[in-house]
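Enquirer: According to this note's numbering, the sequence shown is numbered sequentially starting from 12.
Let me give you the structure first, and then I'll get to my questions.
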Amino acid sequence: MIRRKLKEIEKMAKGFSLAEEYEEIYIEGVSTDSRSIKKGQLFIPLIGENFNGHNFVKEAIEKGATATLWTKSEPIPSLDFPIILVEDTLKALQDLAKEYRNQLDIKVIGITGSNGKTSTKDILASLLSTKYKTQKTLGNLNNHIGTPLTILNLYEDTEMAVIEMGTDNFGQISLLTSIAKPDVAMITNIGEAHLEGLKTKENIAKAKLEILEGLNKEGIFVYYGDDPILSKIIKEININQRILTYGIEKTNDYRCELNMVDENGISFKLKSPYEQDYFLPMLGSHNMLNATGAIAIARYFNIPIKSIQDGLYHVEKTGMRNELVFAEGFTILNDSYKSNPSSLLAALDTLYSMKQYEQKIAVIGDMLGLGDEEIKMHEEIGKKINPKEVEYLFTIGPLAKHIAKTAGINFDKDKIISCNNKTQLVEKLKKVIKPKSIILIKASRPLELEEVVERLQKEVILSKDEVV
12 MIRRKLKEIE KMAKGFSLAE EYEEIYIEGV STDSRSIKKG QLFIPLIGEN FNGHNFVKEA
72 IEKGATATLW TKSEPIPSLD FPIILVEDTL KALQDLAKEY RNQLDIKVIG ITGSNGKTST
132 KDILASLLST KYKTQKTLGN LNNHIGTPLT ILNLYEDTEM AVIEMGTDNF GQISLLTSIA
192 KPDVAMITNI GEAHLEGLKT KENIAKAKLE ILEGLNKEGI FVYYGDDPIL SKIIKEININ
252 QRILTYGIEK TNDYRCELNM VDENGISFKL KSPYEQDYFL PMLGSHNMLN ATGAIAIARY
312 FNIPIKSIQD GLYHVEKTGM RNELVFAEGF TILNDSYKSN PSSLLAALDT LYSMKQYEQK
372 IAVIGDMLGL GDEEIKMHEE IGKKINPKEV EYLFTIGPLA KHIAKTAGIN FDKDKIISCN
432 NKTQLVEKLK KVIKPKSIIL IKASRPLELE EVVERLQKEV ILSKDEVV
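In C-alpha cells:
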C-alpha cells in the first residue's frame with residue numbers, strides 16, 4: 012500500500028498548507044472510514060448526502076491516524092496534528108490514486124461489463140497469481156471511491172492488479188480508467204443493468220467502452236465476442252490497440268463449449284486457440300465464459316497452459332454471488348448481491364442444474380434500476396420460470412409481484428407466494444422447506460436479502476431424522 016512522506020502526499024493530492032514540521036512524517040495506507048482506520052494511515056474525510064467525514068476526525072486520530080486531508084471550506088479544527096488542505100477531499104483521493112498509479116511498475120487489468128465483472132476478476136486474479144504477485148479489487152469497491160482506494164492499497168512490489176470498474180451513467184468509467192490506466196481493458200457483456208440511467212443497451216455499451224480512453228496504447232482490449240450490441244458498436248469505432256475476443260461462436264479468438272455443470276462446478280473445453288479440458292469449482296454455466304475471458308488475458312501475460320487449471324482450482328470467490336450456504340438439512344444458493352434479467356435467468360439455470368436436490372425453491376426480489384421497462388421485464392421473467400424445476404416461487408417487493416403475476420400462467424396458484432417484508436418471507440419459507448431442499452435467493456442490493464439467508468440458517472433446523 013502507499014507509503015510516502017506527507018510532503019509527497021501534499022503534492023500528489025494537490026494539497027497545500029501542510030506545516031513544515033510535519034513534512035517528513037510517513038503515512039502508510041489511507042482510509043475514508045474513521046471506524047476502521049488503522050495506525051499510521053492517512054484519513055480522507057469525504058462528504059456525502061447524509062454524512063460529513065470531517066465530523067469524525069477526532070475518532071480517526073484516536074484510532075491512530077497519522078494525518079488527515081481537509082476540505083478548505085470546512086472549519087479547520089484546533090488540533091496539534093498534520094492537516095493537508097485540499098479543494099475537495101474526493102477529488103484529492105482520486106488525484107492521489109492517479110499519481111500513485113503513475114509511480115508503480117505494475118500491469119493493471121481493468122474489467123467492466125453488466126454482469127460477471129466480479130467473478131471474472133476473481134478468476135483472473137487466481138490465474139495470474141500462479142506466476143505473479145497479484146492484487147485485486149476487494150469486494151465490490153468498483154466506483155469513484157472504491158477504485159482509488161483499491162489502487163492506493165496496492166503494494167509497490169505487486170506485479171499485477173485486477174481492477175473492477177462499475178458504472179450507472181456516462182462519464183464514470185471515463186474517470187476510473189483515467190485513474191487506473193489499464194494495460195488490458197475487458198468488457199464481459201452488455202445487459203439490462205443500469206437502464207434506468209442509460210436508457211438503452213446501446214448507451215450501456217458506449218458507457219462501458221469509455222474504459223478504452225485510459226487503455227495503454229500498447230495494451231489489449233478483450234471482450235465477449237458473442238454480444239451483438241457490443242460487437243456492432245466496436246465495428247463502428249476506431250480502436251488502435253490489439254483486440255482479443257472470447258465466447259462460444261467460431262469467430263472468437265478464445266472459444267469454449269460446456270461439458271457438464273453440477274453443484275461442484277463446471278467442466279468445459281477450450282476449443283481454440285488450443286484444445287484443453289478445464290474444471291472450475293464455481294456454480295453456473297455462465298462462469299464458463301468468465302473463465303474463458305480470464306484465460307485469454309492470462310495467456311497474454313504468459314501464464315503457462317499447465318498452470319491454468321491450478322489457478323482455476325484456487326479461485327477466492329467474492330461472497331453473495333452463486334454462493335452455496337449449507338444449513339441444517341437444506342442448502343441456500345445465495346445470489347443476493349445484485350439482480351437484473353440476465354443474471355436472474357442465469358441464476359435460475361444454475362438452480363435447475365442442481366439435480367440432486369429433492370425440492371427447489373426460488374426466492375426472487377425486485378430488480379432495480381431497469382428504467383421505464385421495469386414492469387415489463389419483471390413480467391417476462393415470470394413467464395420464463397420453469398414450474399417443472401421450481402416447486403415454490405416466493406417474491407418480495409412491489410416489482411417482484413409482477414413476476415408472481417405472470418408466473419401464475421404456468422404455476423399452480425398455491426405454489427406462488429408474494430411477501431411484503433423479510434420477516435413474512437422467512438415465516439412463510441419455514442412452512443414449506445423440506446429436507447434436501449435448495450433455495451435460490453436473488454434480488455437487487457437494496458433489498459438486503461442476505462438477512463433472509465442468515466435468518467434461515469439460524470431459525471430452520473431440520474432434524475437428522477428428517478434428512479433423507
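In this text, a Cβ means the ideal position worked out from N, Cα and C, and glycines have one as well.
Considering Cα atoms alone, identify which of Ile231, Gly208, Ile240 is closest to alanine 216.
Expert: If you number the sequence shown from 1, residue 216 lands on position 205. With distances taken between Cα atoms, alanine 216 lies closest to Ile240.
Enquirer: Mind the definition here: the segment 407–427 touches the segment 307–318 only if three or more C-beta pairs lie below 8 Å; say whether that holds.
Expert: Touching, no.
Enquirer: My understanding is that threonine 188 touches isoleucine 222, with C-beta atoms under 8 Å, so please give their C-beta distance in whole angstroms.
Expert: In the sequence shown, counting from the first residue as 1, residue 188 sits at position 177. In the sequence shown, counting from the first residue as 1, residue 222 sits at position 211. 5 Å between Cβ atoms; contact.
Enquirer: Return the residue from the list Ile120, Phe92, Val272 that minimises the CA-CA distance to glycine 230.
Expert: If you number the sequence shown from 1, residue 230 lands on position 219. Cα-wise, what sits closest to glycine 230 is Ile120.
Enquirer: If you reduce the DSSP assignment to three classes, tell me which class tyrosine 166 lands in.
Expert: Your numbering for residue 166 matches position 155 in the sequence shown. Note: tyrosine 166 maps to coil in three-state DSSP.
Enquirer: What number of angstroms, rounded off, separates the C-alpha of glutamate 274 from the C-alpha of glutamate 334?
Expert: Locating residue 274 in the sequence shown gives position 263, counting from the first residue. Locating residue 334 in the sequence shown gives position 323, counting from the first residue. One C-alpha to the other measures close to 11 Å.
Enquirer: Going by DSSP, what residue range makes up the beta strand (DSSP E) through tyrosine 37?
Expert: Looking up residue 37 in the sequence shown gives position 26. From DSSP, the beta strand (DSSP E) with tyrosine 37 extends over 37–39.
Enquirer: Kindly indicate which three-state DSSP category histidine 331 falls into: helix, strand or coil?
Expert: Position 320 of the sequence shown holds residue 331. Per the sequence shown, the amino acid found at residue 331 is methionine instead of histidine. Three-state result, methionine 331: coil.
Enquirer: Can you find the residues in the same chain that come closer than 6 Å, C-beta to C-beta, to serine 350, ignoring five residues on each side of it along the sequence?
Expert: Counting from one through the sequence shown, the residue named residue 350 turns up at place 339. Once the five neighbours on either side are set aside, the close Cβ partners of serine 350 are Met378, Lys453, Ala454, Ser455.
Enquirer: Would you kindly work out how many angstroms separate the C-alpha atoms of glycine 304 and lysine 219, rounded to a whole number?
Expert: Residue mapping note: residue 304 aligns to position 293 of the sequence shown, counting from 1. Residue mapping note: residue 219 aligns to position 208 of the sequence shown, counting from 1. So the alpha carbons of these two residues sit roughly 16 Å apart.
Enquirer: Roughly how many whole angstroms lie between the Cα atoms of aspartate 360 and proline 457?
Expert: Mapped onto the sequence shown, residue 360 falls at position 349. Mapped onto the sequence shown, residue 457 falls at position 446. Using only the alpha carbons, I get a separation of about 24 Å.
Enquirer: Let me know the secondary structure DSSP gives valine 326 once reduced to three states.
Expert: As a position in the sequence shown, residue 326 is number 315, starting the count at 1. Residue state, collapsed to three classes: coil.
Enquirer: Based on Cα-Cα distance, which residue from Gly75, Thr141, Asp44, Thr77 lies nearest to phenylalanine 62?
Expert: Along the sequence shown, one-based indexing puts residue 62 at 51. The shortest Cα separation from phenylalanine 62 among Gly75, Thr141, Asp44, Thr77 belongs to Asp44.
Enquirer: Quick one: Cα of methionine 12 to Cα of threonine 329, how far?
Expert: Locating residue 12 in the sequence shown gives position 1, where the first residue counts as 1. Locating residue 329 in the sequence shown gives position 318, where the first residue counts as 1. When rounded, the distance between both Cα atoms is 21 Å.
Enquirer: Can you tell me whether leucine 29 is buried or exposed, with buried defined as 16 or more other CB within 10 angstroms of its CB?
Expert: Numbered from its first residue, the sequence shown carries residue 29 at position 18. Buried, since its Cβ has 16 or more Cβ neighbours within 10 Å.
Enquirer: Classify serine 347: buried if its beta carbon has 16 or more other beta carbons within 10 angstroms, exposed otherwise.
Expert: What you label residue 347 is simply residue 336 of the sequence shown in a count that begins at 1. With 16 or more other Cβ atoms within 10 Å, it is buried.
Enquirer: On the premise that alanine 307 lies in contact with tyrosine 265, defined as a C-beta separation below 8 Å, what is that separation, rounded to the nearest angstrom?
Expert: The sequence position of residue 265 within the sequence shown is 254, counting from 1. The sequence position of residue 307 within the sequence shown is 296, counting from 1. Right, the Cβ-Cβ distance comes to about 4 Å (below 8 Å), so this counts as a contact.
Enquirer: May I ask which residues mark the beginning and end of the beta strand (DSSP E) holding serine 140?
Expert: Reading the sequence shown from its first residue, position 129 is the one you call residue 140. Per DSSP, serine 140 belongs to no beta strand (DSSP E) and is neither H nor E.
Enquirer: Can you give me the C-alpha to C-alpha distance between alanine 338 and glutamine 370, rounded to a whole angstrom?
Expert: As a position in the sequence shown, residue 338 is number 327, starting the count at 1. As a position in the sequence shown, residue 370 is number 359, starting the count at 1. The alpha-carbon atoms of alanine 338 and glutamine 370 are separated by roughly 15 Å.
Enquirer: Classify lysine 475 as buried or exposed, calling it buried when 16 or more other Cβ atoms lie within 10 Å of its own Cβ.
Expert: Here residue 475 is taken as the residue at index 464 of the sequence shown, counted from 1. The predicted position of lysine 475 is uncertain, since its pLDDT is 48 and thus under 50; a value taken from the coordinates is nonetheless stated next. So lysine 475 ends up on the exposed side.
Enquirer: Please determine, among Ser278, Asn227, Ile277, Gly276, the residue with the shortest C-alpha to C-alpha distance to isoleucine 254.
Expert: Within the sequence shown, the letter at position 243 stands for residue 254. With distances taken between Cα atoms, isoleucine 254 lies closest to Asn227.
Enquirer: Quick check on alanine 454: does DSSP put it in helix, strand or coil?
Expert: Looking up residue 454 in the sequence shown gives position 443. Three-state result, alanine 454: coil.
Enquirer: To the nearest angstrom, report how far apart isoleucine 250 and aspartate 194 are at their CA atoms.
Expert: Your numbering for residue 250 matches position 239 in the sequence shown. Your numbering for residue 194 matches position 183 in the sequence shown. Distance between the alpha carbons of isoleucine 250 and aspartate 194 is about 14 Å.
Enquirer: Which full runs of the beta strand (DSSP E) of 3+ residues lie inside the segment 394–421, going along the chain?
Expert: If we require 3 residues or more, the beta strand (DSSP E) runs fully inside the segment 394–421 come out as 403–407.
Enquirer: Considering leucine 281, what are the terminal residues of the beta strand (DSSP E) in which it resides?
Expert: The residue given as residue 281 occupies position 270 in the sequence shown. Note, leucine 281: beta strand (DSSP E), 276–283.
Enquirer: With 16 other CB atoms within 10 Å as the buried threshold, where does tyrosine 111 fall?
Expert: The sequence position of residue 111 within the sequence shown is 100, counting from 1. With 16 or more Cβ atoms within 10 Å of its Cβ, tyrosine 111 is classed as buried.
Enquirer: Which residues does DSSP list as the beta-bridge partners of glutamate 339?
Expert: Here residue 339 refers to the residue found at position 328 when the sequence shown is read from its first residue. Note: glutamate 339 sits in a beta bridge opposite Ile472.
Enquirer: Please return the same chain residues whose Cβ sits closer than 6 Å to the Cβ of valine 401, not counting the five positions on each side in sequence.
Expert: Against the sequence shown, residue 401 aligns to sequence position 390. So the list reads Lys371, Ala373, once near-sequence residues are dropped.
Enquirer: Could you tell me the alpha carbon to alpha carbon distance between lysine 280 and serine 296, rounded to whole angstroms?
Expert: Numbered from 1 along the sequence shown, position 269 holds the residue referred to as residue 280. Numbered from 1 along the sequence shown, position 285 holds the residue referred to as residue 296. Taking the straight line from one Cα to the other gives about 12 Å.
Enquirer: Taking 9 Å as the threshold (C-beta atoms), are glycine 26 and leucine 96 in contact?
Expert: Residue 96 sits at position 85 when you count from the first residue of the sequence shown. Residue 26 sits at position 15 when you count from the first residue of the sequence shown. Their beta carbons are under 9 Å apart, which means leucine 96 touches glycine 26 by this criterion.
Enquirer: For proline 56 and leucine 17, I'd like the C-alpha separation in whole angstroms.
Expert: As a working note, residue 56 is residue 45 in the sequence shown. As a working note, residue 17 is residue 6 in the sequence shown. Spanning the two alpha carbons is a distance of roughly 16 Å.
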